[in-house]
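Asker: For the sequence shown, numbering that gives the first Met the number 0 begins at 0 and goes up steadily by one.
For reference, the structure I am asking about is given below.
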Amino acid sequence: MILKSLTVEQYRGFTSHTSIEFDPRFTLIVGENGVGKTSVLWALRVLLSHILVKFVKKSAKNLLFQSEDIARGWPYLRAEVEVGLDTGGKKATCVAQKNAAEFVLSTDEDGRPREHAVDTPDKYEVSLGAAATPKNRNVVSMPLVIYYSAHRSLALDRGASKARAAGGIGAAYAEALDDRELRLGEAALLWRKEAALEETDGKPARANRAVEQALPAFLGEFRNLRVETGDKPRLVVDKCGVTLDLSQLSDGERGVLAVLIDLTRRLAQANPNLDHPAQDAQAIVLIDELDLHMHPRWQREIVSRLTAAFPKCQFVTTTHSPQIIGEVQPDKLLLLRQEGNRLVLERCGQAYGLDANYVLEHIMGTAARALPATEAISSVEDALETGDLETARTRLNKLRTLLHGDDAVVVGLEATINNLEALGNATYSEKE
0 MILKSLTVEQ YRGFTSHTSI EFDPRFTLIV GENGVGKTSV LWALRVLLSH ILVKFVKKSA
60 KNLLFQSEDI ARGWPYLRAE VEVGLDTGGK KATCVAQKNA AEFVLSTDED GRPREHAVDT
120 PDKYEVSLGA AATPKNRNVV SMPLVIYYSA HRSLALDRGA SKARAAGGIG AAYAEALDDR
180 ELRLGEAALL WRKEAALEET DGKPARANRA VEQALPAFLG EFRNLRVETG DKPRLVVDKC
240 GVTLDLSQLS DGERGVLAVL IDLTRRLAQA NPNLDHPAQD AQAIVLIDEL DLHMHPRWQR
300 EIVSRLTAAF PKCQFVTTTH SPQIIGEVQP DKLLLLRQEG NRLVLERCGQ AYGLDANYVL
360 EHIMGTAARA LPATEAISSV EDALETGDLE TARTRLNKLR TLLHGDDAVV VGLEATINNL
420 EALGNATYSE KE
């Protein structure tokens, strides 16, 4: 299943008709806080859940829009998603309309007026192509959608729910669209369970092996992820030769591991006939704040690592990171910005390979430096434009003090001053 497009109106901050088309491999949504990046992912969660239920009724669950999702002052919200299926170009859609409650006046037993709410029916209509029915043999793999919120780096010592512990295809869908944290007890239980089946029944531990193979590519210093038993099973990993419990890792490390472990296992559960689920299985993966707690070097590498480890998956992500933006081709980048009282969606003509400062200034619309430093640089440039080299050098020395040393701009400005001084001295000598 491939996500094609999302259309919303009167939904949260999207008061006007807004349509978003998604890249079949990777889409990165960028914008300031509060412009609707997470709202896009939440709308996708709700709408796609209704399509999933058509295929796995016992495992997936319908999510619903809430009254607070309706833009203030509007009587309803409307949203539609379109996906492509593995059946000769067939498409499926889900159209939803959430209506605000109507308030009517009536009288109580004593004849006094009172106001009460009357709910109007909501609508969730799913349309599947004839060739896309759940029983059709042409479907290559079962549709799967997984959501990772900003809570994924939180480590809670919780065990697996009944649906997750049961295993099988149904476990792939259990809580897959929930706003959930990393459950260390669940991760350890499922790892140990698969390892035990491999030992007793000879059943390959496909998910465990896939995680082990992908781990060095995601986190180069990490090796040998495994379960240690004691009072309770716990997942541990070797980092630079030191064994650490997952609860001892940084939030950034845990956030990456949470996606790697959970996504790989769900792909394996949903596709029991695939020997290499991480490489061959399909899913739509929604990740909020892809850069969550990551060092800039990790931010530079996360897009290529995700798409290499899961080449058949489609990712829709959000970020505030200029490093991640600079690693994405412009046709995969969506810019959301506030324009007056409405949200505007834009495509970016340039992104890949740009340095972080350029991205900050020209794509994200913010200064690349602290304001005092920017003003100090401008003051040197102003003096140079008027030919006042003495003032320019004085201001340059103040800039150097402000920055506690040189950088490329300081070196460039000093070279300009030196050249102009040399040119002036040469001209003076010629006149003499």
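Don't be surprised by glycine CBs; every beta carbon is placed ideally from N, CA and C.
So Leu153 and Ala187 are in contact, right, with Cβ under 8 Å, and what is the actual spacing, rounded?
Answerer: The pair is not a contact, with the Cβ atoms about 16 Å apart (cut-off 8 Å).
Asker: Taking C-alpha atoms, which residue in Val302, Ala282, Gln337 lies nearest to Lys433?
Answerer: Here the chain covers residues 0 to 431 and nothing more, so residue 433 does not appear.
Asker: Which residue from Gly169, Lys89, Glu420, Thr385 puts its Cα closest to that of Met0?
Answerer: Of Gly169, Lys89, Glu420, Thr385, the residue nearest in Cα terms is Lys89.
Asker: Beta strand (DSSP E) containing Asp435: first to last residue?
Answerer: No answer is possible for residue 435: the residues shown for the chain start at 0 and end at 431.
Asker: How close, in whole Å, do the beta carbons of Pro276 and Arg205 come, if the pair is a contact with beta carbons under 8 Å?
Answerer: Pro276 to Arg205, Cβ: 6 Å. Contact.
Asker: Could you check the C-alpha separation between Gly404 and Asp290 for me, to the nearest Å?
Answerer: Rounded to whole angstroms, Gly404 to Asp290 spans 30 Å at the Cα level.
Asker: Check whether the region 192-211 touches the region 171-179, taking contact to mean three or more Cβ pairs, one atom from each stretch, closer than 8 Å.
Answerer: In short, these stretches do not touch, since the Cβ pair count stays below three.
Asker: Once you ignore the five residues that flank Phe309 on each side, which residues in its own chain have a CB closer than 7 Å to its CB?
Answerer: Closer than 7 Å at the Cβ level, and outside the excluded window around Phe309, lie Leu262, Ala277.
Asker: May I ask you to verify whether the region 265-276 touches the region 215-230, counting CB pairs closer than 8 Å and requiring at least 3?
Answerer: Taking 8 Å as the limit for Cβ pairs, the verdict is that the region 215-230 does not touch the region 265-276.
Asker: Can you grab the Cα-Cα spacing for the pair Ile50 / Thr373, in whole Å?
Answerer: Approximately 51 Å between the Cα atoms of the pair.
Asker: State the DSSP-derived secondary structure class of Val410, mapped to helix, strand or coil.
Answerer: Of the three classes helix, strand and coil, the one that applies to Val410 here is helix, per DSSP.
Asker: Is Lys331 near Leu27, with beta carbons less than 8 Å apart?
Answerer: Yes.
Asker: May I ask you to report which of helix, strand or coil DSSP gives Asn98?
Answerer: Asn98 falls in the strand class under three-state DSSP.
Asker: By the DSSP assignment, the beta strand (DSSP E) with Ala78 in it spans what residues?
Answerer: Segment 75-83, the beta strand (DSSP E) holding Ala78.
Asker: Taking DSSP's pairing of strands, which residues face Asp235 in a bridge?
Answerer: Note that residue 235 corresponds to Val in the displayed sequence, not to Asp. Note: Val235 sits in a beta bridge opposite Arg225, Asp244.
Asker: Which of the three DSSP states, helix, strand or coil, is assigned to Lys122?
Answerer: DSSP places Lys122 in strand when its eight states are reduced to three.
Asker: Inspect the CB distances between the region 380-395 and the region 345-356 and report whether three or more fall short of 8 Å.
Answerer: With the cut-off at 8 Å, the region 380-395 and the region 345-356 do not touch.
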